[in-house]
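Data first, discussion second: the structure below is written as structure tokens.
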Amino acid sequence: MHRDLFHITPSGRAGLIFALFAFLVIPSVSGSQWLSIFTSTGCFTLAAAGVAFLYARLGMVSLTQVGLMGVGGWVMLRLNHAYNLPFEINFIAAGLITMVFGMILALPALRLRGLYLALVTLMAAGGFEIVFSTFQFPNGGDGFWGVKSSFSAEFRRPWLAQSDEGFLRYTIVIATLGFLLIELHRRLAPGRAWALIRRSEAAAMSAGINVTLYKTWAFAISGLVAGFAGALLAGSLGLLDGGTFRASESVMIFALAVVGGANYWLGAVLAAALFRIVPALLNNWGVDADLSFVIFGAGLLHAIITAPDGIAGQLMGLGAKIGKRAGSAFKAAPAEAGLSTSIDIKNITVRFGGVVALDDISAKFTKPVSGIIGPNGAGKTTLMNVISGFVPDENGAVQAAGQDLLALRAHQRGHWGLRRSFQKEEIADDLSVEDNVMAQLDGMHMPHHEKRADVARALEIAGMTDKAKLAGRSLNSFERRLVDVAKCLVGNPRIIMFDEPAGGLSSKETLMLGDLILSIHEHTGAKTLVIDHDVDLISRICEETLVLDFGERIAFGKTAKVLADPKVRAAYLGVEEG
Amino acid sequence: MRNFKYLNWVIYLVVMVGIISFLGWGKPTKIIGLFFVSGLAVGSLYALGGIGMVVLYRATGVLNFANGAAGAAGVMLAWQLGQWGVWAPLTWLACILLALAISLTYGRLVAPRLAWREPVVKAVATLGFALIVLGIVSFLWIDDPRTFSLPTDKVGVYILGLRVTVTRLITFLASVSIVVGIYFYLSRTVVGLQMRALANDRDLSALIGIPILKVETIAWGISGVIAGFTGLMFGDLIRLEPTVITFMVIPSVAAAVCGRLDNLALVLIGGLSMGVIESLLTLSQTLKGVRPIAPFVIAAIVLIWYQRGTRLTFGTKD
Chain R
14 MHRDLFHITP SGRAGLIFAL FAFLVIPSVS GSQWLSIFTS TGCFTLAAAG VAFLYARLGM
74 VSLTQVGLMG VGGWVMLRLN HAYNLPFEIN FIAAGLITMV FGMILALPAL RLRGLYLALV
134 TLMAAGGFEI VFSTFQFPNG GDGFWGVKSS FSAEFRRPWL AQSDEGFLRY TIVIATLGFL
194 LIELHRRLAP GRAWALIRRS EAAAMSAGIN VTLYKTWAFA ISGLVAGFAG ALLAGSLGLL
254 DGGTFRASES VMIFALAVVG GANYWLGAVL AAALFRIVPA LLNNWGVDAD LSFVIFGAGL
314 LHAIITAPDG IAGQLMGLGA KIGKRAGSAF KAAPAEAGLS TSIDIKNITV RFGGVVALDD
374 ISAKFTKPVS GIIGPNGAGK TTLMNVISGF VPDENGAVQA AGQDLLALRA HQRGHWGLRR
434 SFQKEEIADD LSVEDNVMAQ LDGMHMPHHE KRADVARALE IAGMTDKAKL AGRSLNSFER
494 RLVDVAKCLV GNPRIIMFDE PAGGLSSKET LMLGDLILSI HEHTGAKTLV IDHDVDLISR
554 ICEETLVLDF GERIAFGKTA KVLADPKVRA AYLGVEEG
Chain V
1398 MRNFKYLNWV IYLVVMVGII SFLGWGKPTK IIGLFFVSGL AVGSLYALGG IGMVVLYRAT
1458 GVLNFANGAA GAAGVMLAWQ LGQWGVWAPL TWLACILLAL AISLTYGRLV APRLAWREPV
1518 VKAVATLGFA LIVLGIVSFL WIDDPRTFSL PTDKVGVYIL GLRVTVTRLI TFLASVSIVV
1578 GIYFYLSRTV VGLQMRALAN DRDLSALIGI PILKVETIAW GISGVIAGFT GLMFGDLIRL
1638 EPTVITFMVI PSVAAAVCGR LDNLALVLIG GLSMGVIESL LTLSQTLKGV RPIAPFVIAA
1698 IVLIWYQRGT RLTFGTKD
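Each protein sequence line maps, in turn, to chains R and V.
So for the first sequence, our numbering puts the first residue at 14; every next one is plus one.
So for the second sequence, our numbering puts the first residue at 1398; every next one is plus one.
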């Protein structure tokens, strides 16, 4: 069923071979100093994988990762010295508790993004640094903080890995599992949700994706791997020092993850190698370790300016010879009859400060395809945003199929059967056409094979079946529009809204798009609302049309009649009345 | 809307008075005054760092984490020249000129290549530059306890019965006058007008023919000079250690965040409040150890307060 889930990409195969090599060879050829360096490299690889994943998949910058490692390490040491539990239980507890910290960090991410989010996480890293340097790490003392000034108590290792060699192998296995966990998420519903959230949160919400849940989830995973990494580091060294977990180190590991290449497993390995192995080598060669800062800094600037995919991207680009898999054909499922419904908009009023964007708008759309037109700033998109749930209105209602849509949250409206497109098509570049449409269905409860069939059917209606496997970035603008329409067709839609679907299309493409929109009702039973400036398109496909001007309804009814209305002509074509 | 504004100020005053009286409860006024003054000096440094960043951020869209490193390089050079017996005012000038040169180097050579990237990427890139500068500075001046002092340290004035060193007074007055000066510069001069236009909308400003390169270079210059001055004062008042001065940008960012990376007066007030609260925390037995955390906690609360009720549905530029 999950044909793609266990597929091993060439890059993944290389990663597994590398892990196997690291597991079998490296521990047996390293001296004791290097065993410790490689173990900490393994820990930081895992931590780097966490930040790299947040950055590459959600476009969120977290500058707290090493601080979170400190949390994991602290919990690990605390549990080790307080209770007589085995390493494995402490290890899992450390991971889970750090995960909770990661989720707390997600709270600002719900309200902030971009630069501000990075700054908040930087503040958090600064906070952790101060707490760690003030209270130190438990070393077997009394009380909550567990610090004593003399030698530290002994630290228990996992029973599988008592020796340093064994512990390095243990670290490699855990790091590999961490990578697989992240990759597994990326290939399933969360991965599609994250790709859409990164592209546009509004698009994600109207696709029925619970943005809060998935953002928190991403931070939780990142926190979990940081906690594991910190716990492993504690296990390797037996005691930790506040100096390891400074804010500057968190910044550094993020920077190096970008240098290494946030999109690839190799990037995280390179980041950790640069972070741990390069300074050790410089030290062995008698070079001042401060110069590693210069190398890191130059590497970071180089990576940001010339190589968005980092060193790993350049290496992978060299070795990429990927044969294309033949796409298998799906049988189209018969169209399900949707509920016949009218869209009854009642008394919608929206104010932005003192500006009345919509003034008591009411209209009852009963035809399969209806239009909304009006000059720029008339309130068309605002009305659509009210229906989608992005803009709150004052005490109006939108009734359809016995449900007041305004009583539902944005993503719940998606589940109910509301679909929309935006003025700019919202296709995630790094997902395939198929997955872009599939993302729409991820929040819904239906068997997997039905989802696949539904996606295939939608792509067939939109005429995109033969491009189903292509990545979003390889489509032209008309194809992106068609996929946007296909996204609206899956999961039993009841109301579909298109915001300027023909914007930027040629007249031939507009004709084709118009035919596609006209066929929607027959295929899905959904009602369609279309906003466009193209009066030819509107008068060809829409039976009924609502005309807005400066937030007021100036006409509503049969399209031909409405377009002939002198008030509409005055507002729309700028002709003076009388 | 206006009522809201006043409400914010009232809340701010109540909170500040509350915190100060809570921390200072039962302590002699003289002690409180002492910590208050030293807090104002530290806060001025945070504010200065933040002001330098905000001026640059508004005009160029770059949040420059390398400001601290530039200041660190400057003050280390000043120290070195002082050791060689160079006349003191020349060493101060050298500090500011070096920071200016570092800032301009990045502004002219690297920043234009990233002009089309999103703000967070630009900010991360300056971290790379900060690391390069820090690496070179730490390589040239290996870890060693050093001190740097200005002649004004020994001169004190009495204000309300408290002795305040002139260095602290200068730092405080400089932060206030820089804010006032930049306010007038932005509102009265042509370049200031152009900077405000850039801050408002870069693409439109470019279209209407604002000389972006010139305006940006001036902004990099101003922020470089402020960074050099901040580094000099920091090396004197707090510690002369490149790493510490470089990462002073973190509390500076906290101050900048209080002004939403936009409003200089709020950056100043935010920075000063952070310094005062941090300093007064020394009076509390339990919180003494974690007092450097104050700027971060304050900035986090301020950010969340600003963002209350907003939703992230539609993308903004950052």
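A virtual CB, placed ideally from N, CA and C, is assigned to each residue, including glycine.
Span of the beta strand (DSSP E) around residue i
i                      : result
residue 404 (chain R)  : Unbroken run through residue 404 (chain R): none, as it is neither H nor E.
residue 557 (chain R)  : 557-562
residue 569 (chain R)  : 565-571
residue 357 (chain R)  : 356-365
residue 1555 (chain V) : 1553-1556
Closer than 8 Å to chain V by CB, residue i
i                     : result
residue 304 (chain R) : yes
residue 136 (chain R) : yes
residue 309 (chain R) : yes
residue 260 (chain R) : yes
residue 129 (chain R) : yes
residue 346 (chain R) : Only weak support exists for where residue 346 (chain R) lies, its pLDDT of 34 falling under 50; the coordinates are left without a value.
residue 582 (chain R) : no
residue 266 (chain R) : no
residue 388 (chain R) : no
residue 292 (chain R) : no
residue 456 (chain R) : no
residue 512 (chain R) : no
Cβ of residue i within 8 Å of any chain R Cβ
i                      : result
residue 1495 (chain V) : no
residue 1697 (chain V) : yes
residue 1510 (chain V) : yes
residue 1412 (chain V) : no
residue 1529 (chain V) : yes
residue 1516 (chain V) : yes
residue 1406 (chain V) : no
residue 1631 (chain V) : no
residue 1451 (chain V) : no
residue 1601 (chain V) : no
Residue i - containing alpha helix (DSSP H), residue span
i                      : result
residue 9 (chain R)    : For chain R, the structure presents residues 14 to 591; residue 9 (chain R) sits outside this window and is missing.
residue 320 (chain R)  : Note, residue 320 (chain R): premise wrong, no alpha helix (DSSP H); not H, not E.
residue 431 (chain R)  : No alpha helix (DSSP H) holds residue 431 (chain R); the beta strand (DSSP E) holding it covers 431-433.
residue 453 (chain R)  : Counting along the chain, residue 453 (chain R) falls outside any alpha helix (DSSP H), and DSSP gives it neither H nor E.
residue 1639 (chain V) : 1639-1643
residue 1702 (chain V) : 1691-1704
residue 1618 (chain V) : 1609-1634
residue 1467 (chain V) : 1464-1480
residue 477 (chain R)  : Run containing residue 477 (chain R): none; DSSP gives neither H nor E here.
residue 491 (chain R)  : 490-502
residue 246 (chain R)  : 224-250
residue 1454 (chain V) : 1426-1457
residue 1513 (chain V) : Run containing residue 1513 (chain V): none; DSSP gives neither H nor E here.
For residue i, the residue or residues it bridges with in DSSP
i                      : result
residue 541 (chain R)  : R:382, R:509
residue 484 (chain R)  : R:445
residue 416 (chain R)  : R:413
residue 1562 (chain V) : V:1553
residue 369 (chain R)  : R:364
residue 376 (chain R)  : R:358
Within-8 Å CB hit, residue i to chain A
i                     : result
residue 324 (chain R) : Annotation note: the requested chain A is absent from the structure, which comprises protein chains R and V.
Do the region 1559-1579 of chain V and the region 1437-1446 of chain V make contact, defined as three or more Cβ pairs closer than 8 Å? Yes: at least three Cβ pairs fall under 8 Å.
Go through the region 61-149 of chain R residue by residue and report every complete run of the alpha helix (DSSP H) that reaches 4 residues or more, in order. Taking only runs of at least 4 residues, the alpha helix (DSSP H) segments lying wholly in the region 61-149 of chain R are 78-95, 100-124, 127-148.
So, does the region 196-207 of chain R touch the region 445-464 of chain R, judging by three or more C-beta pairs under 8 Å? Verdict: yes, contact present.
Determine, using beta-carbon pairs with one atom in the region 78-94 of chain R and one in the region 242-258 of chain R, whether at least three such pairs fall under 8 Å. Here the region 78-94 of chain R lies against the region 242-258 of chain R, with 3 or more beta-carbon pairs under 8 Å apart.
May I ask you to verify whether the region 1533-1540 of chain V touches the region 294-312 of chain R, counting CB pairs closer than 8 Å and requiring at least 3? Per the Cβ contact rule, the region 1533-1540 of chain V is in contact with the region 294-312 of chain R (3 or more Cβ pairs under 8 Å).
Runs of alpha helix (DSSP H) wholly within the region 151-212 of chain R (minimum 4 residues, chain order): Correct list: 177-200, 202-212.
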